[in-house]
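Engineer:
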Amino acid sequence: MDPELIKEILSRPKDFQRPQKDPVRDSITGGLLVSEGPKWTKNRRIISPAFHLESIKVCFLFIYF
């Protein structure tokens, strides 16, 4: 890290603000792909039924007919 850049950022806080919270973005970026441990287990259990073979077959019926 360049100390001069850090100094510039810290000296101009209005120009370098943290991004605002976005619940949709946060739920996507904090989801199954990047989570670990208990959070991963919980998310995996929630979406698991959507990927069962019978559920996928039903979806294909609606897509192709």
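Numbering (this note's numbering), first residue to last: 56 to 120. Beta carbons: idealized from backbone N, C-alpha and C, even for Gly. As the structure is a computational prediction, the values presented were derived from the model and not from experiment.
Indicate the three-state DSSP secondary structure (helix, strand or coil) for residue 89 in the structure shown.
Structural biologist: Correct three-state label for residue 89: coil.
Engineer: What is the DSSP secondary structure of residue 104, counted as helix, strand or coil?
Structural biologist: Helix, per DSSP.
Engineer: Would you say residue 90 and residue 98 are within 8 Å of each other, going by their C-beta atoms?
Structural biologist: For residue 90 and residue 98, yes; Cβs fall inside 8 Å.
Engineer: Assuming residue 71 and residue 61 form a contact by the criterion Cβ under 8 Å, report the distance between their Cβ atoms to the nearest whole angstrom.
Structural biologist: Contact flag wrong, Cβ pair sits at about 10 Å.
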